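Residue numbers for the sequence shown follow this note's numbering, beginning at 35 and rising by one. By construction, the Cβ of each residue, glycine as well, lies at the ideal position given by its N, Cα and C atoms. Values in this document were obtained by computation on a predicted structure and should not be read as measured data.
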Amino acid sequence: MKFFSITRTRLYLTLFIGMLWMIIKVSQAADLVPVSLSMSGTNIALSVQNTSYGVSVNGFYVSISANGKSQALYIGYMGPRQITTVTTPAIYFGTGSASVTGVVDAYGWIPEGYPPGEDNNVMTATLDLGGSTSQGSSVDLIIDDIRESDPYFFVKIRNQGGGTTYKSSYLRVCLNGYCLNNYVATPGAGASNEFSYNKSQFYVTSGGSYSVSATIDSTNLITEYLETNNSLSETLYFSTPQELPDLIVEDILFQNGGIDVKIKNIGTGSANAPIKVQLSRPGTSYAMVRSYTNSSYPLYTGTTRIVSFLVSDVGASGLSSVNLKASVDWDNSVNESNELNNDLSKTVTLEQLLPDLIVEDVFFEGTDVKVKIKNQGAAASSSAHYTRIYMNGYYNYIYSSTSIPIGSSVTLSYPAAYFYLIQGQTYTATVNADSDGYVLESNESNNTLSKSLVFGSTSTSSGVDLVVVSVERYVYLSYLYAKINWKNQGTAYSAPVDIKLSYGTTALTSSVTYSNYSAPAPGATSTTYVYIGYTSTYPLGSLQVQATVDSTNKQIESNENNNSSPILIF
Numbered sequence: 035m036k037f038f039s040i041t042r043t044r045l046y047l048t049l050f051i052g053m054l055w056m057i058i059k060v061s062q063a064a065d066l067v068p069v070s071l072s073m074s075g076t077n078i079a080l081s082v083q084n085t086s087y088g089v090s091v092n093g094f095y096v097s098i099s100a101n102g103k104s105q106a107l108y109i110g111y112m113g114p115r116q117i118t119t120v121t122t123p124a125i126y127f128g129t130g131s132a133s134v135t136g137v138v139d140a141y142g143w144i145p146e147g148y149p150p151g152e153d154n155n156v157m158t159a160t161l162d163l164g165g166s167t168s169q170g171s172s173v174d175l176i177i178d179d180i181r182e183s184d185p186y187f188f189v190k191i192r193n194q195g196g197g198t199t200y201k202s203s204y205l206r207v208c209l210n211g212y213c214l215n216n217y218v219a220t221p222g223a224g225a226s227n228e229f230s231y232n233k234s235q236f237y238v239t240s241g242g243s244y245s246v247s248a249t250i251d252s253t254n255l256i257t258e259y260l261e262t263n264n265s266l267s268e269t270l271y272f273s274t275p276q277e278l279p280d281l282i283v284e285d286i287l288f289q290n291g292g293i294d295v296k297i298k299n300i301g302t303g304s305a306n307a308p309i310k311v312q313l314s315r316p317g318t319s320y321a322m323v324r325s326y327t328n329s330s331y332p333l334y335t336g337t338t339r340i341v342s343f344l345v346s347d348v349g350a351s352g353l354s355s356v357n358l359k360a361s362v363d364w365d366n367s368v369n370e371s372n373e374l375n376n377d378l379s380k381t382v383t384l385e386q387l388l389p390d391l392i393v394e395d396v397f398f399e400g401t402d403v404k405v406k407i408k409n410q411g412a413a414a415s416s417s418a419h420y421t422r423i424y425m426n427g428y429y430n431y432i433y434s435s436t437s438i439p440i441g442s443s444v445t446l447s448y449p450a451a452y453f454y455l456i457q458g459q460t461y462t463a464t465v466n467a468d469s470d471g472y473v474l475e476s477n478e479s480n481n482t483l484s485k486s487l488v489f490g491s492t493s494t495s496s497g498v499d500l501v502v503v504s505v506e507r508y509v510y511l512s513y514l515y516a517k518i519n520w521k522n523q524g525t526a527y528s529a530p531v532d533i534k535l536s537y538g539t540t541a542l543t544s545s546v547t548y549s550n551y552s553a554p555a556p557g558a559t560s561t562t563y564v565y566i567g568y569t570s571t572y573p574l575g576s577l578q579v580q581a582t583v584d585s586t587n588k589q590i591e592s593n594e595n596n597n598s599s600p601i602l603i604f
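1) Out of N227, E261, I78, G497, which one is the CA nearest neighbour of T525?
2) Alpha carbon to alpha carbon, what distance is there between V67 and S61?
3) Drop a sphere of 10 angstroms on the beta-carbon of N264, count the other beta-carbons inside from all chains shown, and report buried for 16 or more, exposed for fewer.
4) Where does the unbroken beta strand (DSSP E) through P181 begin, and where does it stop?
5) Return the bridge partner residues of N84 from the DSSP annotation.
6) With a Cβ-Cβ cutoff of 9 Å, do I117 and S81 count as a contact?
7) Pull up the distance between the alpha-carbon of Q312 and that of V323, whole angstroms please.
8) In the DSSP assignment, find the unbroken beta strand (DSSP E) run with D162 in it and report its ends.
9) Can you have a look at P316 and say buried or exposed, based on whether 16 or more other CB atoms are within 10 angstroms of its CB?
10) Less than 9 Å between the C-beta atoms of Y295 and S342, yes or no?
11) Which partner residues does K310 have in the DSSP bridge list?
12) Residues in the same chain with beta-carbon distance under 6 Å from I57, minus the five sequence neighbours each way, listed in chain order, please.
13) Suppose the cutoff is 6 Å on Cβ atoms and the five residues either side in sequence are ignored; what does the same chain contact list for S469 look like?
14) Using the Cα positions of N519 and S437, report the straight-line distance between them to the nearest angstrom.
15) Which residue marks the beginning of the beta strand (DSSP E) containing T76, and which one marks its end?
16) Identify the continuous beta strand (DSSP E) that holds K408 and give its terminal residues.
17) Give me, in chain order, the residues of the same chain whose beta-carbon lies closer than 6 Å to that of N101; leave out the 5 immediate sequence neighbours on both sides.
18) Is A360 closer than 9 Å to I286 when the C-beta atoms are compared?
19) Leaving out five residues before and five after L54 in sequence, what residues of the same chain have Cβ atoms less than 7 Å from its Cβ?
20) In chain order, what residues of the same chain lie with their CB nearer than 8 Å to the CB of Y454, ignoring the 5 residues before and after it?
21) So is V218 in contact with chain C if we call contact Cβ pairs under 9 Å?
22) Under 9 Å, do T257 and G164 count as touching if we go by C-beta distance?
23) What first and last residue would you give for the beta strand (DSSP E) that runs through T562?
24) If I follow the unbroken beta strand (DSSP E) through K534, where does it start and stop?
25) Could you tell me the boundaries of the beta strand (DSSP E) in which D395 lies?
26) Quick check: the Cα distance between E591 and Q578, rounded to an integer number of angstroms?
27) Are S70 and A140 closer than 9 Å when you measure CB to CB?
28) Identify which residue in Q410, I191, D532, L358 has its Cα closest to the Cα of S379.
29) Short check: CB of S504 to CB of Y568, under 9 Å?
30) In three-state terms, what does DSSP make of E261?
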C-alpha cells in the first residue's frame with residue numbers, strides 16, 4: 035500500500051508538471067482563431083482573435099472566399115487576446131445564398147502554438163449575399179435621391195454595384211429650362227456622394243412647383259452594369275423668393291496709386307456686411323481678399339461701395355497694364371437672388387506714381403563719410419533701402435529704415451575709418467543709392483555719384499590721440515615677445531593703424547611692423563604682441579626696443595608727437 039501511494043503521488047506530480055509545461059508553452063505562442071463569419075450590412079465581416087495570453091503578432095493576411103472568388107485582407111498587428119474584424123463588399127462574390135469560407139493567416143506567416151495551433155484557422159458559413167449576380171463586380175451608378183431645402187436642393191448619387199472605378203463622370207442637372215453639367219467624383223462600391231445647388235443658379239424667381247431631373251454619367255464615360263438607370267426626376271416646391279440682394283462688380287479702376295473695385299447691389303434686398311471681394315490676376319498665384327465690413331451700413335439696394343487694393347496685392351508693381359478679375363461675394367456667404375453675376379474681368383492700365391532716388395552729395399565731416407540722398411520722384415520711397423559707398427578699394431553699406439517723402443533729402447553717415455584712409459590723400463568716393471534695388475523707381479539709372487575727396491582737411495580733424503602706454507618683455511615657452519600696451523586717450527574712434535617695434539643690441543638698428551590693428555574706442559586700451567626670437571639668443575638686458583603706434587600716420591590725431599615709447603632695455 036505504501037508503494038502504491040508513492041507511485042500515485044509521483045504520477046500526479048508528473049501530470050501537474052506536464053500540464054504546467056503545456057500552459058507555459060502555449061502562452062509563449064500565438065494562436066489565431068476565426069471567431070465569427072457573418073453579414074454586416076452589404077459587407078461580409080470576418081472576426082479574428084489572437085487567443086494567446088502573452089504573445090503579439092505583426093502582419094498577416096486573412097482570406098474570404100465564395101463562388102470561386104477570393105479576397106485577401108491584411109491585418110497589421112494583434113495583441114494578446116485581441117479581436118479584430120475585417121470587412122469586404124459581399125457583392126464582389128456574387129449574390130444570393132453562398133457558402134463563404136474565412137481563413138486566418140492565409141499564407142502561414144505566423145508560427146502558431148501547440149494543438150489546436152494551425153488546425154483551427156478556418157471557418158465556413160452560409161450567407162445571403164443579396165444583390166444581382168451579374169452586378170457583382172460592376173459599377174452601377176444611379177441617382178439615389180433629389181431633395182429640396184429652399185433655396186437649395188440636393189442631388190445624391192450612389193454606386194449600387196460591387197465594382198469601383200477611379201474615373202470621374204458628369205452629373206447633369208436640369209431645372210426651369212436650364213441645365214448644369216458638373217464633373218464629379220464617382221463613388222466606390224456601395225458608396226454615395228451628395229451635391230448641392232442653389233435655385234438661383236437656374237434663375238428661379240418665383241415660387242411654385244418645379245420639375246428637377248438629374249443624370250449621372252451623362253456623357254457615358256463609365257462602363258456600367260446597367261446603363262438605363264442613371265436618371266431620376268422629382269417635383270420640388272420652392273417658395274416665393276424673398277427680397278434678396280444681387281451683388282455685381284461694376285468696375286475695376288486704377289486711381290490714387292492703387293486698384294479700386296467698385297461693387298454694387300442691384301437686387302431687391304440689402305446685403306449685410308461683411309461682403310468679401312477677391313481681386314486676382316488670372317494665370318498667376320496672386321489673389322487678395324478684402325471685405326467691406328461696416329455692419330452699421332449694409333449695402334442697400336441700388337448703392338455702390340469701393341473696396342481698395344494695392345498694386346502689389348496682385349504682383350503688378352512696375353507693370354504698365356495688367357489683366358485682373360474681381361469677384362464679389364466670392365465665397366457665397368451672402369444669399370443672393372442671382373449667384374451667377376459676381377465676377378468681372380478687365381485689363382487695367384497702371385499709371386504708377388514712383389519715387390526717384392539720387393545721390394546729391396558725398397563729403398567728409400569729422401571722422402565720418404556723409405552721403406546725402408534725395409527723392410526727386412512723384413511718390414514717397416519705401417522705408418527699407420541700402421546705400422553703397424566704395425572708396426580706397428573697400429565698400430560698405432548704409433542701411434536706412436526711413437521713408438523719404440517727395441522732394442525731401444536724408445543724410446546718411448558712415449565711419450571713414452572703415453576705408454583705411456591716409457591723411458592728406460585724395461580718394462574717389464562712388465556712392466549708389468538703393469544699391470540692392472529694394473525701391474521701385476521711375477528712373478533706375480540715376481542712382482550713382484562719384485566724387486574726389488581729400489581726407490585730412492580741417493573738417494576731418496579728430497579727437498583721436500594714440501599713445502604707447504608700456505612695452506614689456508614677455509616670455510612664453512622660451513620664446514621672446516614684446517608686449518605693447520597702447521591706448522586711444524582721445525575723444526573719438528580711431529581708424530585701424532600700424533604698430534612698429536624697433537629693436538637691436540644697438541638702439542633702433544632693425545624693426546618689425548604689424549599693420550591694420552583694430553582701432554580702440556575713446557579711452558580704450560589694446561595689447562599687441564610682437565615676436566622677437568628665442569630667449570637664448572636675446573638674454574635679459576641684450577636688447578633696446580622702442581614701440582610706435584600709427585607708425586605710418588594713417589590716423590589724423592589731435593597730437594601727432596606722442597606716438598612712440600621711450601627706448602627701453604630688454
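A quick look at the data gives this:
1) G497
2) Its pLDDT being 49, under 50, S61 is placed unreliably by the model, and the measurement read from it follows with that caveat. If I take the Cα positions, the gap works out to 15 Å.
3) Burial check for N264: the Cβ neighbour count within 10 Å reaches 16 or more, so the residue is buried.
4) Sequence inspection shows Arg at residue 181; the Pro mentioned does not correspond to that position. Start and end: 175-183.
5) L66
6) For the 9 Å CB-CB criterion, I117 and S81 form a contact.
7) 4 Å
8) Where D162 is concerned, the enclosing beta strand (DSSP E) stretches over 156-162.
9) exposed
10) The sequence given here has Val at residue 295, not Tyr. Between V295 and S342, the C-beta gap is smaller than 9 Å, which places the two residues in contact.
11) S325
12) Note that I57 has pLDDT 49, beneath the 50 cutoff, so the model's placement of it is unreliable and no number is given.
13) Closer than 6 Å at the Cβ level, and outside the excluded window around S469, lie Y420, R422.
14) 45 Å
15) Run containing T76: none; DSSP gives neither H nor E here.
16) In the DSSP annotation of this structure, the continuous segment of the beta strand (DSSP E) that includes K408 starts and ends at 402-409.
17) F127, G128, A132
18) yes
19) Here L54 scores only 49 on pLDDT, less than 50, and its place in the model is too uncertain to base an answer on.
20) Around Y454: N426, Y428, A529, P530, N550, K588.
21) Among the protein chains of the structure shown there is no chain C, as only one such chain exists.
22) Note that the C-beta distance between T257 and G164 is not below 9 Å.
23) 559-568
24) Start and end: 531-538.
25) 391-399
26) Spanning the alpha carbons of E591 and Q578 requires a straight line of approximately 27 Å.
27) In this structure, S70 keeps its C-beta atom at 9 Å or more from the C-beta atom of A140.
28) Of the candidates Q410, I191, D532, L358, the one whose C-alpha sits nearest the C-alpha of S379 is L358.
29) Pairing S504 with Y568 gives a Cβ-Cβ distance that is not under 9 Å.
30) If DSSP states are grouped into helix, strand and coil, E261 belongs with coil.
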